Amino acid sequence: MIFAGISGEIMEANFTDTVSERIILSIIFNNPKSYIDIADLLVKEDLSTETHSILWHCFERSFENDPESIDKFAIRNTAQDLGYKEYDVLTDAGKYTESLFTQKVAAKNLLRAARRIKDLSLKRKLLNTTV
258 MIFAGISGEI
268 MEANFTDTVS
278 ERIILSIIFN
288 NPKSYIDIAD
298 LLVKEDLSTE
308 THSILWHCFE
318 RSFENDPESI
328 DKFAIRNTAQ
338 DLGYKEYDVL
348 TDAGKYTESL
358 FTQKVAAKNL
368 LRAARRIKDL
378 SLKRKLLNTT
388 V
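Residue numbers (our numbering): 258 to 388.
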């Protein structure tokens with residue numbers, strides 16, 4: 258079974274949409290205050306890749322510490338503080354994180370993408386509990 262993501266990405270029935278995850282990360286990295294709109298909806302476990310989950314967790318912690326000073330360096334420093342030794346490998350020495358800051362996505366896509374990721378996460382959890 259094949260599904261199309263909101264961005265048009267085709268995904269298998271593993272209930273993931275990494276493009277929607279990237280959309281969310283790009284929006285909140287470029288407009289940290291928009292995180293407030295989805296903070297109660299998503300948790301890091303909702304994201305389907307280890308890289309996105311780590312970046313979400315680092316963003317959350319950076320936002321708690323200083324929402325006005327979030328940049329690629331704050332995210333990397335937070336990753337180190339949280340003990341994510343694999344950060345540099347997973348993000349190609351931070352190039353992936355930097356790409357999220359340079360990718361501009363309309364903020365109006367945030368809630369729709371977040372709801373989609375939550376829905377897919379719940380489906381993955383249901384699938385894992387019924388196997």
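C-beta: ideal position from N, C-alpha, C; glycine also.
The structure presented is a predicted model; accordingly, all values stated were derived computationally and were not measured.
From this set, E355, T359, F320, which residue's C-alpha is nearest A296's C-alpha? F320
Can N288 and A364 be called in contact, C-beta distance under 8 Å? yes
Grab me the residues of R279's own chain with a C-beta within less than 8 Å of its C-beta, minus the 5 sequence neighbours each way, in chain order. H309, L357, Q360
Near H314, what residues of its chain come up, given a Cβ to Cβ distance below 7 Å and the 5 sequence neighbours on each side ignored? K301, L339
Assuming T354 and K375 are in contact, meaning their beta carbons sit under 8 Å apart, how far apart are those beta carbons, in whole angstroms? Between K375 and T354 the Cβ distance is about 23 Å, and since that is not below 8 Å, they are no contact.
Could you please give the first and the last residue of the uninterrupted alpha helix (DSSP H) stretch that includes K352? 352 to 359
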